[in-house]
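Peer 1:
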Amino acid sequence: MNKFTFRRGVHPPDRKSRSEGEAVRAMPAPGIVKVPLSQHIGAPCEPVVREGETVRKGQLIGHTDKGLSARVFSPVFGRVTGTEVIQTPSGGRVPHLVIENGGEGEEFRLPPLSDPGPLEIVERVREAGIVGMGGAAFPTHAKLTPPKDKPIDTLIVNGAECEPYITCDARLMEERAAEVFEGGLLLQRAVRAERLVFGVEENKPEAVRLLREAGAEVAVLKTKYPQGAEKQLIYALTGRKVPAGGLPMDVGAVVDNVHTAWAVFRAVREGKTCYERVMTVSGGAVSAQNLLVPTGVSFAEVLEFCGGLKAEALKVISGGPMMGFAQFNLAARTSKATGALLFLTAEELNTDKAGPCINCARCARACPMRLMPMYIDGFTLAGDLPGAKRYGALHCIECGCCAYSCPAKRPLVQSIRLAKKLIKARNI
Ligand code: SF4
Ligand code: SF4
5 MNKFTFRRGV HPPDRKSRSE GEAVRAMPAP GIVKVPLSQH IGAPCEPVVR EGETVRKGQL
65 IGHTDKGLSA RVFSPVFGRV TGTEVIQTPS GGRVPHLVIE NGGEGEEFRL PPLSDPGPLE
125 IVERVREAGI VGMGGAAFPT HAKLTPPKDK PIDTLIVNGA ECEPYITCDA RLMEERAAEV
185 FEGGLLLQRA VRAERLVFGV EENKPEAVRL LREAGAEVAV LKTKYPQGAE KQLIYALTGR
245 KVPAGGLPMD VGAVVDNVHT AWAVFRAVRE GKTCYERVMT VSGGAVSAQN LLVPTGVSFA
305 EVLEFCGGLK AEALKVISGG PMMGFAQFNL AARTSKATGA LLFLTAEELN TDKAGPCINC
365 ARCARACPMR LMPMYIDGFT LAGDLPGAKR YGALHCIECG CCAYSCPAKR PLVQSIRLAK
425 KLIKARNI
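First residue of the sequence shown: 5, per my numbering; consecutive thereafter.
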């Protein structure tokens, strides 16, 4: 089997066996859902429904014309009771629309499209509020409309799922192979690409087999982190290097996640709007599962549905252990970007205290972006933000390979994230 890969990176234990055999099951919506009005990169939505109004499942509830954005839909039949500002999993505070779950009827659907052209597909993706569901939550319709001077010849569907523990994409590829493949074909048609290729890590042989059986071209990737990072994936599959500060379209490629492809299939063929997603709940402190979860459900409710804690969880992470966000409590709500919720025990975590840098350069040897994290960290701690920028802080993809490799356990990603935030905020 030919295995595609990139340079550098790390090999954390994948710990996927806990949930990879668990079929996706649907979690019913609780009595009250609180749906974030910003579930994407770009301008937050404004509510288009009023307090006291009755809404249908799948109905548009949030929208804005102020720049790049993605529409938000109700995951339930019910009544809008107000708006609340709640902390998101990444720490921001955004308004959430509160809906009392009750009532029934016919779910709102857009008219299915049987043979749509490229522009119709892009418009449907926009109407259905689809975002990058691998975690980035970038509005997909914007990705599908590159400028005329950037022709796309390759559409890559990202099925690498390289973060430890997470198995929701693998389950989708196994349980919905034909639909995921058709979603890929629709994305390919939308950007008029000649080639459609799925990139799947070698630790998911069943997904590779089923996608191939469905008719897809599948490139088997080496199991290595961060194989699913956009630039690393493009390099592995095409040998093209996205220039520093550039985008995949600069090298004729568009990358969309497997879950995004499935959402596109559902939006085009079934007229379904984007108000639910598949996520993995895992870690040593819970019974691992893959769930189809409505947006707007609290992490506490997700845990309760999974049977609660079976051991003490020392850390709760929204997302994967390498790139996810630690949670202070379980009040945050699920969104289109919530791919995983991990409840980790002391045995699964490294609780050593951070020490001083010993100049071993292991972080630099692991960095897939060829940065020197120890210097960026040093500049950030010294308050020298121009220095951090000079050493490429803005090119960091926050993959965590540096911190994972550091024998001194330095919190390098937090430091670089802070540098990026301050450099942008202060326009340095
Ligand atoms: S510096 Fe950034 S890109 Fe490089 S390993 Fe660390 S987190 Fe990843
Ligand atoms: S890996 Fe850690 S100790 Fe080694 S150079 Fe990088 S920051 Fe310093």
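Glycine residues also receive a C-beta, built at the ideal position from the N, C-alpha and C atoms.
Fair warning: this is a prediction, and the values are worked out from it, not measured in the lab.
Answer with buried or exposed for residue 418, where buried requires no fewer than 16 other C-beta atoms within 10 angstroms of its C-beta.
Peer 2: As a position in the sequence shown, residue 418 is number 414, starting the count at 1. It counts as exposed.
Peer 1: Would you give the residue range spanned by the alpha helix (DSSP H) that residue 418 belongs to?
Peer 2: Here residue 418 refers to the residue found at position 414 when the sequence shown is read from its first residue. 416-429 is the extent of the alpha helix (DSSP H) around residue 418.
Peer 1: Applying the criterion that 16 or more other CB atoms from any shown protein chain within 10 Å of the CB defines a buried residue, is residue 145 buried or exposed?
Peer 2: Counted from its first residue, the sequence shown places residue 145 at position 141. Buried is the call here.
Peer 1: From the DSSP output, which residues share a beta bridge with residue 255?
Peer 2: As a working note, residue 255 is residue 251 in the sequence shown. DSSP output for residue 255 lists no bridge partner at all.
Peer 1: Quick one: grab the DSSP three-state call for residue 373.
Peer 2: Walking along the sequence shown from the start, residue 373 turns up at place 369. Note: residue 373 maps to coil in three-state DSSP.
Peer 1: Unbroken beta strand (DSSP E) runs of length 3 or more, entirely within the segment 47-93: which are they?
Peer 2: 64-67, 82-91
Peer 1: Is residue 335 near residue 91, with beta carbons less than 8 Å apart?
Peer 2: For the purposes of this step, residue 335 is taken as the residue at position 331 of the sequence shown. For the purposes of this step, residue 91 is taken as the residue at position 87 of the sequence shown. Result yes, Cβ atoms of residue 335 and residue 91 sit closer than 8 Å.
Peer 1: Measuring from each Cβ to the nearest heavy atom of ligand 1, keep the ones under 7 Å and list them in chain order.
Peer 2: Answer in sequence order: 367, 370, 371, 372, 373, 375, 377, 380, 400, 401, 402, 403, 404, 405, 406, 407, 416, 417, 420.
Peer 1: Since I believe residue 159 is in contact with residue 258 (beta carbons under 8 Å), could you give me their beta-carbon distance rounded to a whole number of angstroms?
Peer 2: Within the sequence shown, numbered from 1, the residue matching residue 258 stands at position 254. Within the sequence shown, numbered from 1, the residue matching residue 159 stands at position 155. Confirmed, about 5 Å.
Peer 1: Going along the chain, which residues of its own chain have a beta-carbon closer than 7 Å to the beta-carbon of residue 437, five neighbours each way excluded?
Peer 2: No answer is possible for residue 437: it lies beyond the span of the chain, which begins at 5 and ends at 432.
Peer 1: Go to residue 4, then tell me how far its alpha helix (DSSP H) extends in each direction, as first and last residue.
Peer 2: The structure shown has nothing for residue 4, since the chain only spans 5 to 432.
Peer 1: Would you kindly work out how many angstroms separate the C-alpha atoms of residue 358 and residue 329, rounded to a whole number?
Peer 2: Along the sequence shown, read from residue 1 onward, the residue named residue 358 stands at position 354. Along the sequence shown, read from residue 1 onward, the residue named residue 329 stands at position 325. Going by the C-alpha atoms only, they are around 19 Å apart.
Peer 1: DSSP on residue 169, reduced to helix/strand/coil?
Peer 2: As a working note, residue 169 is residue 165 in the sequence shown. Reduced to three states, the DSSP call for residue 169 is coil.
Peer 1: Determine the direct distance from the alpha carbon of residue 246 to that of residue 369, and round the result to whole angstroms.
Peer 2: Residue numbering aside, residue 369 sits at position 365 when the sequence shown is read from its first letter. Residue numbering aside, residue 246 sits at position 242 when the sequence shown is read from its first letter. C-alpha separation (whole angstroms): 20 Å.
Peer 1: I'd like to check one pair, residue 297 with residue 290: are the Cβ atoms closer than 8 Å?
Peer 2: Looking up residue 290 in the sequence shown gives position 286. Looking up residue 297 in the sequence shown gives position 293. No.
Peer 1: What's the call for residue 302, buried or exposed, on a 16-neighbour Cβ count within 10 Å?
Peer 2: Stepping through the sequence shown from its first residue, residue 302 is reached at position 298. It is buried - the Cβ of residue 302 has at least 16 other Cβ atoms within 10 Å.
Peer 1: Please report the straight-line C-alpha distance between residue 378 and residue 367, rounded to a whole angstrom.
Peer 2: Reading the sequence shown from its first residue, position 374 is the one you call residue 378. Reading the sequence shown from its first residue, position 363 is the one you call residue 367. Using only the alpha carbons, I get a separation of about 7 Å.
Peer 1: Could you check the C-alpha separation between residue 121 and residue 197 for me, to the nearest Å?
Peer 2: Residue mapping note: residue 121 aligns to position 117 of the sequence shown, counting from 1. Residue mapping note: residue 197 aligns to position 193 of the sequence shown, counting from 1. Going from the Cα of residue 121 to the Cα of residue 197 covers about 13 Å.
Peer 1: Taking 7 Å as the cut-off, is the C-beta of residue 79 nearer than that to any heavy atom in ligand 2?
Peer 2: Here the question's residue 79 lines up with position 75 in the sequence shown. No, ligand 2 has no heavy atom inside 7 Å of this Cβ.
Peer 1: Do residue 409 and ligand 2 come close, with the Cβ less than 7 Å from some heavy atom?
Peer 2: Reading the sequence shown from its first residue, position 405 is the one you call residue 409. It does: the Cβ of residue 409 is within 7 Å (strictly closer) of some heavy atom of ligand 2.
Peer 1: According to DSSP, what are the bridge partners of residue 158?
Peer 2: The sequence position of residue 158 within the sequence shown is 154, counting from 1. Note: residue 158 sits in a beta bridge opposite 199, 257.
Peer 1: Apart from the five residues just before and just after residue 383, which ones in its own chain have a Cβ nearer than 6 Å to its Cβ?
Peer 2: Counting from one through the sequence shown, the residue named residue 383 turns up at place 379. So the qualifying residues of the chain are 391, 392.
Peer 1: Could you work out which residue in 212, 209, 355, 116 is closest to residue 415 when comparing CA atoms only?
Peer 2: Residue mapping note: residue 415 aligns to position 411 of the sequence shown, counting from 1. Selected option, being the one with the closest Cα: 355.
Peer 1: Runs of 3 residues minimum, wholly inside the segment 124-154: which ones carry the beta strand (DSSP E) assignment?
Peer 2: none
Peer 1: Using 10 angstroms around the beta-carbon of residue 365, count the other beta-carbons present and answer buried if the total reaches 16, otherwise exposed.
Peer 2: Position 361 of the sequence shown, counted from the first residue, corresponds to residue 365. Under a 10 Å Cβ-count criterion, residue 365 is classified as exposed, with fewer than 16 other Cβ atoms of the shown protein chains found around its own Cβ.
Peer 1: Check residue 27 in the structure and name its three-state DSSP category.
Peer 2: As a first step, residue 27 must be located in the sequence shown, where it is residue number 23. Of the three classes helix, strand and coil, the one that applies to residue 27 here is coil, per DSSP.
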